[in-house]
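A.B. asks: Chains A and B supply the protein sequences, listed in that same order.
The numbering of the first sequence is the working numbering, which starts it at 1 and goes up by one.
The numbering of the second sequence is the working numbering, which starts it at 1001 and goes up by one.
The structure that follows is given in the form of structure tokens.
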Amino acid sequence: MKSLKIKAQFLLAVLGASAVLCFAAPIVEAAALMDTDLSGVKGPDTAQIAEKGDPGADFTGTANDVTMADSKNGLTLADLANQAGQNKIAINFVWTLVCGFLVMFMQAGFAILETGLIRAKNANHTMMMNFMVYGLGLFAYYVCGFAIQMGGVAPVANLGGLYPLNAEHVVTLFGKPWALFGTKGFFLHGATYDVGVMVMFLFQMVFMDTTTTIVTGGCAERWKYSAFCVSTIGLGAVIYPLFGNWAWGCGWLSQLGVNFGLGHGYCDFAGSGVVHAVGGITALACAMMIGPRIGKFNRDGSPNAIPGHDLVIVMLGCFILAFGWFGFNPGSTLGASGNGALRIGSIAVNTMLAGCTGSFAALLYMWMRYGKPDASMAGNGLLAGLVAITAPSGFVNPMASCVIGWIAGILVCLGVEFFDRVPKIDDPVGAISVHGINGLWGVLAVGIFADGRSNYGGSWNGVAGGVRGLFYGDAGQLVAQLVGISTLVGVVFTMSFLWNWLVDVFVGQRAHPKAELAGLDIPEMGALCYPDYVLKTTDYGVGASSGVTSGAMASKS
Amino acid sequence: MRLVGVAIVLGGWVITIAGLLMTSSNMARAIIACVGIGVSIFGILGVLNRYYLARAIWKK
């Protein structure tokens, strides 16, 4: 009873004090800042700095550095507002560019990873495919790919608006608008010769490049170089940009939320679907069409392991890719300032966790199933986790990232086994399993695990609020993701298949069997990768599972 | 055979899109989308791949 009295007294005292404060304290109003308030603002004496320098960084970055529109009027509020805006956009430009540079460096990772997983006699050929996806893909993307993908993406607040990219071709079917492709930005000429557009171009170009380099792994050791060149140009110029537009360029998939009430429309934060699944599915179409390497399958259809030639560069390639992924995912905020972009820290941690659990899961799977911890599959598990977290990285929490990565690590092992043993599709580096299967898994994972806590400027794809998946109450988001998967499997595969069929008819996809047996370096490229080494050639299956199953699976089979 | 396979793969996507237009139920749309994905995968692995397997280099 006594304690109750004390509590009541305390409550009365608090209420009384609050009332006194409310009525007695002067009401503080936010005073409007006037130009005259800035008249006294002056920077440090430049003559003094010239004499003594500024070792303590006390006089560098001051009012002196704010650009004045008219020096006669002195510093004005308009000057400050313009400077603040420019600083925000500058931060975002630098962030996006540096992340783009990191993604570009991933090409080196892909190149040595793939080269290490194939035989030494094809090393020059594989390295040159990975090298030239940069030149061929970039040019194709510059000519028309970027315009098709991003020609109608404006406005993009983080990069200053990108207002010149304002033309999207839209058709109306069944009473709904279907945005199909952009129509501005060809050759980056005219109004698209714009500082913001250049930043967007660079960032999107290196993403496209990642897609094209995935295909080279799936078709390694038997792809005619000329066919690779033509195939890559088609992928970079049209196929990738079309799906990129539907997902990222304000195309019809991204508008499923607005037009059909499906969550926030198709959501793919950094490209599990746009980049990796497109690459993996194209690799599937090509690998199926080209057929397996000589010796990959025996006459009874049983697979042989064809080990790679350098596990050291395989593992180094995995590390380089994991490093570059910190540009891939966090960079997809397209900025570090404003519109919720400070989530970059959480995106980076999600990326890290999924890669870690992916490699751990693959390692454990292989160890338990084959009795040895397979190095190349541990590496592929890392990549599988990274691929799978790419779409959800901006929408999920760390716990979900671990689950997503873990499942990806298992999926990549099952995928490699499946493609070897059931459809008998030869994928020397596991590209279809790593990028195709786990790209699709990443797309699906957004529809399951997105927690609704992200807030990139208050809306995503024109729908207000954070993206929420099935576990957080939005079944419509899962449907949108399924529509995206169906589009990848149904439409992207069809486009890739038809294009590569044409290449097969007019160029021929497969290298000559004699060249394949001898190694493609001399017949296709005219030079060996390792001229001072004596190459040991094993006639696998001509009388001997994929390069990724070099260790554990091979010893078991 | 290859054109039939391509038609089935693309048909799977048409089924998914038809599901969006036919109903507003998320459950129904999800089921139809899964059916569409299944049809496309059948077209890839069951028709197109079978065509290429029949002509595979290791069978010669």
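We put the CB at the ideal spot given by N, CA and C, even for glycine.
Closest to LEU498 (chain A) by CA distance: which of A:ILE239, A:ALA63 and A:VAL133 is it?
C.D. replies: LEU498 (chain A) has its Cα closest to that of A:ILE239, out of A:ILE239, A:ALA63 and A:VAL133.
A.B. asks: Using the Cβ count rule (16 or more neighbours within 10 Å means buried), how would you classify PRO428 (chain A)?
C.D. replies: By the neighbour-count rule (16 or more Cβ atoms within 10 Å), PRO428 (chain A) is buried.
A.B. asks: Evaluate PHE23 (chain A) with the Cβ neighbour count: other Cβ atoms within 10 Å of its Cβ, from every protein chain shown; 16 or more gives buried, anything less gives exposed.
C.D. replies: Confidence is the limiting factor: at PHE23 (chain A) the pLDDT is only 48, short of 50, which leaves the residue's position unreliable and the question unanswerable from this model.
A.B. asks: So, for VAL98 (chain A): in the same chain, excluding its five sequence neighbours on each side, which residues have a beta-carbon less than 6 Å away from its beta-carbon?
C.D. replies: Excluding positions up to five away in sequence, the list is empty.
A.B. asks: Assign TYR141 (chain A) to one of two classes, buried (16 or more other C-beta atoms within 10 Å of its C-beta) or exposed (fewer than that).
C.D. replies: The residue in question, TYR141 (chain A), is buried, as its Cβ has 16 or more Cβ neighbours within 10 Å.
A.B. asks: Taking the alpha carbon of ALA527 (chain A) as the point to measure from, which residue in A:LYS72, A:CYS413 and A:HIS125 has its own alpha carbon closest?
C.D. replies: The option with the nearest alpha carbon to ALA527 (chain A) is A:HIS125.
A.B. asks: For GLY160 (chain A), which three-state DSSP category applies?
C.D. replies: Coil.
A.B. asks: Pick helix, strand or coil for LYS1059 (chain B), following the three-state DSSP scheme.
C.D. replies: LYS1059 (chain B) falls in the helix class under three-state DSSP.
A.B. asks: Looking only at its chain, what residues have a beta carbon closer than 7 Å to the beta carbon of VAL503 (chain A), apart from the 5 residues adjacent to it on each side?
C.D. replies: Here the set comprises ALA227, VAL230, SER231 and GLN509.
A.B. asks: Where are the beta strand (DSSP E) runs, 3 residues long or more, that stay fully inside the stretch 132-193 of chain A, in chain order?
C.D. replies: Within the stretch 132-193 of chain A, the complete beta strand (DSSP E) runs of at least 3 residues are 168-173 and 176-182.
A.B. asks: Can you find a CB in chain B that lies within less than 9 Å of the CB of VAL507 (chain A)?
C.D. replies: It does not: the Cβ of VAL507 (chain A) has no partner Cβ on chain B nearer than 9 Å.
A.B. asks: Taking Cβ positions, are LEU202 (chain A) and GLY40 (chain A) nearer each other than 9 Å?
C.D. replies: No. Outside cutoff.
A.B. asks: Run through the DSSP bridge pairs and tell me what VAL463 (chain A) is partnered with.
C.D. replies: Note: VAL463 (chain A) sits in a beta bridge opposite A:TRP460.
A.B. asks: Could you check how far apart the C-beta atoms of LEU253 (chain A) and TRP246 (chain A) are, in whole angstroms? I think they sit under 8 Å.
C.D. replies: Right, their Cβ atoms sit about 4 Å apart.
A.B. asks: CB-CB under 6 Å to GLY490 (chain A), same chain, minus the five flanking residues each way: which ones, in chain order?
C.D. replies: Excluding residues within five positions, none has a Cβ falling inside 6 Å.
A.B. asks: Under a Cβ-count criterion, where at least 16 other Cβ atoms within 10 Å of its own Cβ denotes burial, should LEU1048 (chain B) be classed as buried or exposed?
C.D. replies: Buried: at least 16 other Cβ atoms inside 10 Å.
A.B. asks: Going by the CB atoms, is the gap between GLY1005 (chain B) and ILE1044 (chain B) shorter than 9 Å?
C.D. replies: Yes, these two residues count as a Cβ contact at 9 Å.
A.B. asks: Considering Cα atoms alone, identify which of A:ILE281, A:MET34, A:CYS267 and A:CYS529 is closest to LEU444 (chain A).
C.D. replies: That would be A:CYS267, whose Cα lies nearest to the Cα of LEU444 (chain A).
A.B. asks: Between LEU383 (chain A) and the rest of its own chain, which residues show a CB-CB distance below 7 Å, the 5 nearest in sequence each way excluded?
C.D. replies: These residues qualify, in order along the chain: CYS318, LEU321 and VAL434.
A.B. asks: Under 9 Å, Cβ to Cβ, is there at least one residue of chain A near MET1027 (chain B)?
C.D. replies: True, the Cβ-Cβ gap to chain A drops below 9 Å.
A.B. asks: Which stretch, first to last residue, makes up the alpha helix (DSSP H) that contains TRP248 (chain A)?
C.D. replies: 240-248 is the span of the alpha helix (DSSP H), which, as asked, contains TRP248 (chain A).
A.B. asks: Exposed or buried, ALA47 (chain A), counting other C-beta atoms within 10 Å across all chains shown (16 or more means buried)?
C.D. replies: Result: exposed.
A.B. asks: Which same chain residues, not among the five before or five after LYS224 (chain A), have their C-beta less than 8 Å away from its C-beta?
C.D. replies: Cβ neighbours of LYS224 (chain A) beyond the five flanking positions: VAL507, GLY508, GLN509, ARG510, ALA511 and GLU524.
A.B. asks: Return the CA-CA distance between ASN259 (chain A) and GLY251 (chain A), expressed in angstroms with no decimal places.
C.D. replies: Whole-angstrom Cα-Cα distance: 11 Å.
A.B. asks: Which residues bound the alpha helix (DSSP H) around PHE440 (chain A)?
C.D. replies: A quick correction: the sequence has Leu, not Phe, at residue 440 (chain A). From DSSP, the alpha helix (DSSP H) with LEU440 (chain A) extends over 438-449.
A.B. asks: Name the residues in the stretch 508-532 of chain A whose C-beta lies less than 8 Å from a C-beta of chain B; which are they?
C.D. replies: Those residues of the stretch 508-532 of chain A that come within reach of chain B (Cβ to Cβ, closer than 8 Å) are PRO513.
A.B. asks: For ALA285 (chain A), which option in B:TYR1052, B:LYS1059, B:LYS1060 and B:ILE1057 has the closest C-alpha, if you only look at C-alpha atoms?
C.D. replies: ALA285 (chain A) has its Cα closest to that of B:TYR1052, out of B:TYR1052, B:LYS1059, B:LYS1060 and B:ILE1057.
A.B. asks: Taking its Cβ as the centre, do 16 or more other Cβ atoms sit within 10 Å of LEU342 (chain A), making it buried, or is it exposed?
C.D. replies: Answer is exposed; the Cβ neighbour count stays below 16.
A.B. asks: Relative to the C-alpha of ILE1031 (chain B), which candidate in A:ASP521, A:VAL492, A:SER486 and A:ASP532 has its C-alpha closest?
C.D. replies: Selected option, being the one with the closest Cα: A:SER486.
A.B. asks: Starting from THR211 (chain A), trace the alpha helix (DSSP H) in both directions and tell me its first and last residue.
C.D. replies: Counting along the chain, the alpha helix (DSSP H) containing THR211 (chain A) begins and ends at 195-218.
A.B. asks: At the 9 Å Cβ level, is VAL1004 (chain B) part of the contact set with chain A, yes or no?
C.D. replies: Chain A, which has no Cβ nearer than 9 Å to the Cβ of VAL1004 (chain B), makes this no.
A.B. asks: Within the same chain, show all residues whose beta-carbon is closer than 8 Å to that of LEU33 (chain A), passing over the 5 residues directly before and after it, in chain order.
C.D. replies: Once the five neighbours on either side are set aside, the close Cβ partners of LEU33 (chain A) are LEU77.
A.B. asks: Short of 8 Å in beta carbon distance, which residues of its chain neighbour LEU21 (chain A), apart from the five on each side in sequence? Order them along the chain.
C.D. replies: Reliability of the predicted coordinates at LEU21 (chain A) is poor, the pLDDT of 47 falling under 50, and no value is obtained from them.
A.B. asks: Note the first and the last residue of the continuous alpha helix (DSSP H) segment covering TRP367 (chain A).
C.D. replies: Start and end: 344-370.
A.B. asks: Have a look at ILE1057 (chain B) and ALA1018 (chain B) and give me their C-alpha separation to the nearest angstrom.
C.D. replies: One C-alpha to the other measures close to 40 Å.
A.B. asks: Under 8 Å, with one C-beta from each stretch per pair, do the stretch 109-127 of chain A and the stretch 353-366 of chain A reach the 3-pair mark?
C.D. replies: Because the criterion of three Cβ pairs below 8 Å is not met, the stretch 109-127 of chain A and the stretch 353-366 of chain A do not touch.
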